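All residue numbers for the sequence shown refer to this note's numbering, where the first residue is 6 and numbers rise by one. To keep things clear, I will list the structure first and then write my remarks on it.
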Amino acid sequence: MVQAVSKLLTFDEFLEQYPEDGGNYELRQGRIVAMRPTGLHEQVAALIARK
């Protein structure tokens, strides 16, 4: 079985490949990671989802 080795991104590569989908992302240990909403935003989203 052959496994693809994923290359870790530099900060410049992260900026070039930043997703343009309206989400928030960060570079964590060379990988693009979606950031979760926090605080008041998350509480409001949960309230709306329950209705």
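Beta carbons: idealized from backbone N, C-alpha and C, even for Gly. Since we're looking at a predicted model, the values are computed, not measured.
Query raised in the report: Are the Cβ atoms of residue 31 and residue 40 separated by less than 8 Å?
Result: Yes, the Cβ-Cβ distance between residue 31 and residue 40 is below 8 Å.
Query raised in the report: Do residue 14 and residue 37 have their C-beta atoms within less than 8 Å of each other?
Result: Contact: yes.
Query - Cβ-based neighbour list, residue 28, same chain, cut-off 8 Å, excluding 5 preceding and 5 following - result: 39, 40
Query raised in the report: Taking the C-alpha atoms as reference points, what is the distance between residue 33 and residue 55?
Result: 32 Å
Requested in this report: With DSSP as the reference, label residue 31 as helix, strand or coil.
Outcome: strand
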